[in-house]
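The structure appears right after this line, and notes come after that.
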Amino acid sequence: MSKTYISDRIFEDKDFTEEELEVANYDQCTFIRCRFYQVDLSDIGFIECEMKDCDLSNAYLTNTAFRDVQFAQCKMMGLHMEEGNQMGLEMRFDHCILDHTSFFGLKLKKTLFRNCSLKEVDFTEAELGEASFAGSNLEGAKFERTDLRKADFRGAQSYLIDPRENNVQKAKFSKEGLEGLVKSLGVIVE
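Heads up, the sequence shown is in numbering that gives the first Met the number 0, so the first residue is 0 and it goes up one at a time.
What follows is the structure, given as structure tokens:
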């Protein structure tokens, strides 16, 4: 049975904790100030969608597809993004709160995390080549066996990345952020 396609719609000020979101593929839709807190988004597809000022915290994402989705000023805490559909996965985050979210093992090459809160986020085994973390707070973020080739950490704060455990070849760091790169090596920066 094929899914319904819902396209070119604007959903504004909807509380999907009280109102059910149809299991469908949402194509080129915009969601503004919508509440998805702890909502089951399993098997739903978001294709070329925008989410602005939405709360997706603790939503269930089993087989959820995010293909070319832009998130702006969204609260997205405690998500397990790795449970979603990985085919065509592409997202951008601008001024979002993603604390305690897991991106374990995901292919997120060239992903933009601009001015985001990424506290305690799990990037273990993720492919983040050419990703940008400009202006983001990475306090307690977990980087283990993570591909960070050509990633841009200029302007990011509070990260701790062990270059022996992660591929940081040609990654960009500001002078102010070098401590987060060499601290694991026992180097003191003054």
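Where is the CB? At the ideal position from N, CA and C, for every residue including glycine.
Spatial neighbours of residue i in its chain, beta-carbon cut-off 6 Å, leaving aside the 5 residues before and after
i: residue 28; result: 8 and 48
i: residue 84; result: 62 and 64
i: residue 25; result: 5, 45 and 48
i: residue 68; result: 45, 48 and 90
i: residue 167; result: 147
Closer than 7 Å: residue i CB and nearest the ligand FAD heavy atom
i: residue 45; result: Absence of the ligand FAD is noted for the structure shown, with no ligands found whatsoever.
Classification of residue i by the beta-carbon crowding that lies within 10 angstroms, buried from 16 upward
i: residue 126; result: buried
i: residue 22; result: exposed
i: residue 60; result: buried
i: residue 117; result: buried
i: residue 177; result: exposed
C-alpha distance - residue i paired with residue j, whole-angstrom precision
i: residue 179; j: residue 4; result: 45 Å
i: residue 92; j: residue 115; result: 7 Å
i: residue 64; j: residue 79; result: 13 Å
i: residue 140; j: residue 12; result: 32 Å
i: residue 2; j: residue 10; result: 19 Å
i: residue 87; j: residue 66; result: 6 Å
i: residue 19; j: residue 40; result: 10 Å
i: residue 50; j: residue 136; result: 21 Å
Under the three-state DSSP convention, the category residue i falls into
i: residue 157; result: coil
i: residue 182; result: helix
i: residue 76; result: coil
i: residue 81; result: helix
i: residue 58; result: coil
Close beta carbons around residue i, own chain, < 8 Å, minus the five adjacent residues each side
i: residue 16; result: 34, 35, 36, 37 and 38
i: residue 130; result: 107, 108, 109, 110, 111, 112, 147, 150 and 151
i: residue 119; result: 98, 99, 138, 139, 140 and 141
i: residue 144; result: 123, 124, 164 and 165
i: residue 96; result: 73, 74, 75, 76, 115 and 116
Terminal residues of the beta strand (DSSP E) in which residue i lies
i: residue 26; result: 23-26
i: residue 173; result: Here residue 173 belongs to no beta strand (DSSP E), and DSSP marks it neither H nor E.
i: residue 6; result: 3-6
Cβ shell of residue i (< 7 Å), same chain only, five flanking positions each side left out
i: residue 182; result: 159
i: residue 162; result: 180
Chain B contact for residue i (CB, 8 Å cutoff)
i: residue 167; result: In the structure shown, chain B cannot be found, because there is only a single protein chain.
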